[in-house]
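One structure is given below, encoded as structure tokens.
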Amino acid sequence: MSQEKIYDIPADFAARANISEADYQAMYQRSIDDPEGFWAEQAEKFLSWYKPWDRVLDWSYDADNLYIKWFEGGKLNVAYNCIDRHLEQRGDQTAIIWEGDDPNDAKHITYRELHEQVSKLANVLKERGINKGDRVCIYMPMIPEACYAMLACARIGAVHSVVFGGFSPESLKDRILDSDCRVVITADEGVRGGKHVPLKANTDKALEACPNVHTVLTVQRTGGKTQWHEKRDIWYHEAVANASADCPPEEMDAEDPLFILYTSGSTGKPKGVLHTTGGYLLYAAITTQYTFDLHEGDIYWCSADVGWVTGHSYLVYGPLANGTTTLSFEGVPTYPDASRFWQVIDKHKVSVFYTAPTAIRALMREGDEPVKKTSRDSLRLLGTVGEPINPEAWEWYYNVVGDGRCPIVDTWWQTETGGHMITPLPGATPLKPGSATRPFFGVKPGIIDTETNKLVEGDGEATGALVITRPWPGQMRTVYGDHQRFVETYFKTYPGYYFSGDGARRDADGYYWITGRMDDVLNISGHRMGTAEVESALVLHEKVAEAAVVGYPHDIKGQGIYAYVTTVKGVEPSDELKAELLDLVRQEIGPIAKPDIIQWAPGLPKTRSGKIMRRILRKIAENDLDNLGDTSTLADPAVVDDLIENRANK
Ligand code: WTA
154 MSQEKIYDIP ADFAARANIS EADYQAMYQR SIDDPEGFWA EQAEKFLSWY
204 KPWDRVLDWS YDADNLYIKW FEGGKLNVAY NCIDRHLEQR GDQTAIIWEG
254 DDPNDAKHIT YRELHEQVSK LANVLKERGI NKGDRVCIYM PMIPEACYAM
304 LACARIGAVH SVVFGGFSPE SLKDRILDSD CRVVITADEG VRGGKHVPLK
354 ANTDKALEAC PNVHTVLTVQ RTGGKTQWHE KRDIWYHEAV ANASADCPPE
404 EMDAEDPLFI LYTSGSTGKP KGVLHTTGGY LLYAAITTQY TFDLHEGDIY
454 WCSADVGWVT GHSYLVYGPL ANGTTTLSFE GVPTYPDASR FWQVIDKHKV
504 SVFYTAPTAI RALMREGDEP VKKTSRDSLR LLGTVGEPIN PEAWEWYYNV
554 VGDGRCPIVD TWWQTETGGH MITPLPGATP LKPGSATRPF FGVKPGIIDT
604 ETNKLVEGDG EATGALVITR PWPGQMRTVY GDHQRFVETY FKTYPGYYFS
654 GDGARRDADG YYWITGRMDD VLNISGHRMG TAEVESALVL HEKVAEAAVV
704 GYPHDIKGQG IYAYVTTVKG VEPSDELKAE LLDLVRQEIG PIAKPDIIQW
754 APGLPKTRSG KIMRRILRKI AENDLDNLGD TSTLADPAVV DDLIENRANK
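Residue numbers (this note's numbering): 154 to 803.
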């Protein structure tokens, strides 16, 4: 193992940090010894409540009776907390800086303007019959209206389900149907890297199979041509122009649902992760404040799309709950050129920047010059999320982007956790490149020894499956419409614990090193994708008999998608068929799910009982032939030789 490098807390950072190293130790201990006392204090500090809760926490991780409830009986509204309560102090402060795809396009939206926009849209939704508890689908590009839409739902107690704009009509349809959304908010087209994305046309296609959707609100982003369905379709700008800006926020129970967000697992279709009101908002707010060590005047930029959980917690809810200025970027890191991120940082004087390792690796490949020609003087803190960051990329981010001045917070968390779980606090944590370091307040991680299936006692060195041993406020509450799936997915593997699906190592300093997924979930450029989803798309083709998908190391994406495909008898593999398969996956799921490599497989390695041996397929894809393991128990060991002979990565 390479020598671990330690980066101490810069003195100027430590001097003004919200949480010092001593604070961290004391507060962490308190949060574990007296979680209810700790979280009650934080809930009062970070949020405004109409009515206090009756009980801080009630929970059971018992698979037969699983529930998690925080601040039951407490009443609050998320939009009120993110907007209204700031008006007196910060009405004229910028809430959202919007930077368009075109470098000449930018907008500043104050808290007062945000209040007006959100209230008007909330009234439009009400006029269209949306009430507390109803589901609204948001399928939008990165424009301010996407944030307005989320907050408008929260204001009236509707449950939003944001679907990433890169998903296909087919994926959109599945998600609309699963949560029975009645309204879709979209745009005529999205714009990314100078290219237009036909969001309204995709929506029209999806809705052919969604009879319950009675309203489509469309933002005019490009003026591109769209079909129009009288009665169902309304222009966003027309509806909002006529709406009242007076919309009192709905008083919600802390455990009322706030949103559903679909995410991939190892089996079946994506599941609707359900987050609720009080616990989620508290967790988003407190983690934003402490992980990013926010101060008055910060300009904070999270480059994630609102279609992912990072966009929910760290672009919209966390920053706005803290009254911060949050930047929302419509474009891509390489348009018009590879200097764009750094130019945006200079243009808007960004002080905290949070992005994904895949973007860092892609930009690192372009060399130092696109970075060095910008000043980045305003930066004081950097962050990463979504996948393990390799130390080489970490060092480049630290030395070249941050000029060796800015700590990096490598934040480990998941759609399911609502917010950061293992992360440095920059004024409190010496850094080790590649480690997400230590748990956040109230988070008690554990490592399960996968030989014995038992929790490793104590806090010493250990390697195994990463679990969390007790609830935290941001924890998902259920899978929408399928509580049993929630139980099966997260609480059956290691009874009594929440299983993250990730493996981890804890070192002698108590630092955690995430080693990646232990299940059949891929992480492609920080996006989660189930191997089963890609396989299901491939086998839809009439010429495909069978398909098996695994991940392999990819320089930029972290992981690439490697598909082994067996054609039906009598069909010769061809480049044409390959192209058809790629197109099929794009149609079924979206461009992000397209395999990087398709290898034709005359047969797949299977056990005698017919189970595909993915371990072997993974090793072949990784070109790690010395560790294939025992292949003698296979039904037909000869297929392995063929796969090795014709492997793509040699
Ligand atoms: C991975 C994204 C290593 C992990 C917020 C997790 C990470 C999955 C990190 C969740 C990190 C996320 N270091 N791995 N800092 N952050 N992951 O639901 O495998 O899209 O289980 O949430 O991403 O992905 P999700």
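Built from N, CA and C at the ideal position, the CB exists for glycine as well.
For residue i, name the three-state secondary structure that DSSP assigns.
i           : result
residue 419 : coil
residue 194 : helix
residue 444 : helix
residue 166 : helix
residue 386 : strand
residue 644 : helix
residue 731 : helix
residue 404 : coil
residue 157 : coil
residue 710 : coil
residue 787 : strand
residue 171 : coil
residue 179 : helix
residue 306 : helix
residue 184 : helix
residue 800 : coil
residue 461 : coil
residue 824 : A question about residue 824 goes unanswered here, because the residues of the chain that appear run from 154 up to 803.
residue 658 : strand
residue 537 : strand
residue 432 : helix
residue 320 : coil
residue 792 : helix
residue 699 : strand
residue 235 : helix
residue 592 : strand
residue 241 : helix
Going by alpha carbons, who is nearest to residue i out of the options?
i           : options               : result
residue 676 : 307, 417, 395 and 274 : 417
residue 334 : 364, 288 and 162      : 288
residue 614 : 573, 564 and 666      : 666
residue 743 : 320, 213 and 197      : 320
residue 610 : 775, 663 and 533      : 663
residue 212 : 629, 767, 395 and 770 : 629
residue 390 : 442, 799, 274 and 530 : 274
residue 728 : 710, 753 and 209      : 753
residue 651 : 207, 621 and 562      : 621
Less than 8 Å separating the beta-carbons of residue i and residue j?
i           : j           : result
residue 489 : residue 256 : yes
residue 216 : residue 648 : yes
residue 439 : residue 426 : no
residue 879 : residue 286 : In this structure the chain extends from 154 to 803, so residue 879 is not present and cannot be described.
residue 453 : residue 480 : yes
residue 304 : residue 249 : no
residue 572 : residue 627 : yes
residue 512 : residue 466 : no
residue 644 : residue 219 : yes
residue 336 : residue 368 : yes
residue 619 : residue 655 : yes
residue 733 : residue 707 : no
residue 471 : residue 509 : no
residue 750 : residue 778 : no
residue 538 : residue 451 : no
residue 697 : residue 715 : no
residue 586 : residue 548 : yes
residue 301 : residue 270 : yes
residue 428 : residue 447 : no
residue 329 : residue 483 : no
residue 690 : residue 600 : no
residue 341 : residue 374 : yes
residue 232 : residue 308 : yes
residue 409 : residue 430 : yes
residue 370 : residue 277 : yes
residue 325 : residue 359 : yes
Is it true that the region 743–762 meets the region 773–788, where meeting means three or more beta-carbon pairs spaced less than 8 Å apart?
yes
Contact the region 543–556 vs the region 521–530: 3+ CB pairs below 8 Å
Inter-segment contact for the region 543–556 and the region 521–530 is present: three or more beta-carbon pairs are separated by less than 8 Å.
With three or more C-beta pairs closer than 8 Å as the rule, is the region 173–180 touching the region 573–581?
yes
For the structure I just gave you, are there three or more beta carbon pairs, one from the region 593–612 and one from the region 393–400, closer than 8 Å?
Segments in contact, no.
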